[in-house]
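Asker: I'd like to ask you about the structure that follows.
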Amino acid sequence: MEVAVLRERHGKAVGALGRCRLCPRVCGVNRRVGEPGFCGAGLSPRVAAVSVHHGEEPPISGSRGSGTVFFSHCNMKCIFCQNYPISQLGVGVEMSTEELGERLLRLERKGAHNVNFVTPTPHVPQLIGAVLSAREQGFALPVVYNSNGYDSLEALALLEGVVDIYLPDVKYVSPRLAGDASSTHDYPGHNAAAISEMFRQVGPLSAWEDAIANKGVLLQEI
Ligand code: SF4
4 MEVAVLRERH
14 GKAVGALGRC
24 RLCPRVCGVN
34 RRVGEPGFCG
44 AGLSPRVAAV
54 SVHHGEEPPI
64 SGSRGSGTVF
74 FSHCNMKCIF
84 CQNYPISQLG
94 VGVEMSTEEL
104 GERLLRLERK
114 GAHNVNFVTP
124 TPHVPQLIGA
134 VLSAREQGFA
144 LPVVYNSNGY
154 DSLEALALLE
164 GVVDIYLPDV
174 KYVSPRLAGD
184 ASSTHDYPGH
194 NAAAISEMFR
204 QVGPLSAWED
214 AIANKGVLLQ
224 EI
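In our numbering, the protein residues as written are 4 to 225.
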């Protein structure tokens, strides 16, 4: 995507924070003035860790690792969450989109195959802003959207042409279980719709000759 188009998309995405509908919870809060919704995420990116990760799916990690950005906050509340302080208490560091863009450039310089945004759903505008900032400085890695699969069509529309590889979870097909274990009874329907939209945007997984993914959808059944 051209930088000018990405800039326009970023403006639209930041505007969406004024009445947040970035995930199916449609809280409607004004995150631009710090009003918290279900996830607790705010206006600026909040990041728990940035590192080159070798434990991702093989087509994503490859031999040189995946440049991973672990966002704080989450739009689900899973009783089995392994990252409770990060997902529910917001442990992490607040930074500007430009600072996050600089981190993406550093991951590229370290040789990562891609940049991999983990739990990105509440941070879609900030993700786009960071990619924009990095692209303006020549960043060229594929972008991986590694979500819990509870994504809205509205947010995915903002990501069309920005994300190269979707890596969503498929956590539940039972509304009862999704409600009991993750306080997200409507997960199955939204998850199925989101995955259909992801496939429409980027199709099935494709890879370079060295088997490293460059585009498509890779489902994670959890
Ligand atoms: S991203 Fe957060 S504030 Fe926005 S709708 Fe989802 S849970 Fe609510």
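We put the CB at the ideal spot given by N, CA and C, even for glycine.
Are the CB atoms of GLY18 and ARG24 nearer to each other than 8 Å?
Answerer: Contact flag unset, no.
Asker: Pick helix, strand or coil for GLU97, following the three-state DSSP scheme.
Answerer: DSSP places GLU97 in strand when its eight states are reduced to three.
Asker: Would you report the Cα separation of PRO27 and LEU156, rounded to the nearest angstrom?
Answerer: If you take the alpha carbons of PRO27 and LEU156, they lie about 8 Å apart.
Asker: Using only the heavy atoms of ligand 1, determine whether one of them is closer than 7 Å to the beta carbon of ASN117.
Answerer: Because no heavy atom of ligand 1 lies under 7 Å away, the Cβ of ASN117 does not count as near it: no.
Asker: If we define contact as Cβ-Cβ less than 8 Å, is VAL220 a contact residue for chain D?
Answerer: Absence of chain D from the displayed structure is noted, only one protein chain being present.
Asker: Does the segment 72 to 90 come within contact of the segment 120 to 134, defined as at least 3 CB pairs closer than 8 Å?
Answerer: With the cut-off at 8 Å, the segment 72 to 90 and the segment 120 to 134 touch.
Asker: Are the beta-carbon atoms of LYS174 and TYR190 separated by less than 8 Å?
Answerer: Yes; because the gap between Cβ atoms is below 8 Å, this pair is in contact.
Asker: How about PRO61: is its Cβ closer than 7 Å to a heavy atom in ligand 1?
Answerer: No, ligand 1 has no heavy atom inside 7 Å of this Cβ.
Asker: Would you check if there are 3 or more beta carbon pairs closer than 8 Å linking the segment 157 to 174 to the segment 185 to 204?
Answerer: Yes: the two stretches touch, three or more of their Cβ pairs being nearer than 8 Å.
Asker: According to DSSP, simplified to helix, strand and coil, what is PHE120?
Answerer: Strand.
Asker: For the beta strand (DSSP E) containing ILE74, name the first residue and the last one.
Answerer: What sits at residue 74 in the sequence shown is Phe, not Ile. Taken as a continuous stretch (DSSP letters only), the beta strand (DSSP E) holding PHE74 covers 69 to 74.
Asker: Less than 7 Å separating the Cβ of PRO125 from some heavy atom of ligand 1?
Answerer: Flag set: Cβ of PRO125 near ligand 1.
Asker: Any heavy atom of ligand 1 closer than 7 Å to the CB of ASN78?
Answerer: Correct: ASN78 has its Cβ closer than 7 Å to ligand 1.
Asker: Quick check: the segment 82 to 101 against the segment 42 to 61, are at least 3 beta-carbon pairs closer than 8 Å?
Answerer: The segment 42 to 61 is in contact with the segment 82 to 101.
Asker: What is the C-beta distance between ALA16 and PRO128, in whole angstroms, given that I count them as a contact (C-beta under 8 Å)?
Answerer: With a Cβ gap of about 4 Å, ALA16 and PRO128 count as contacting.
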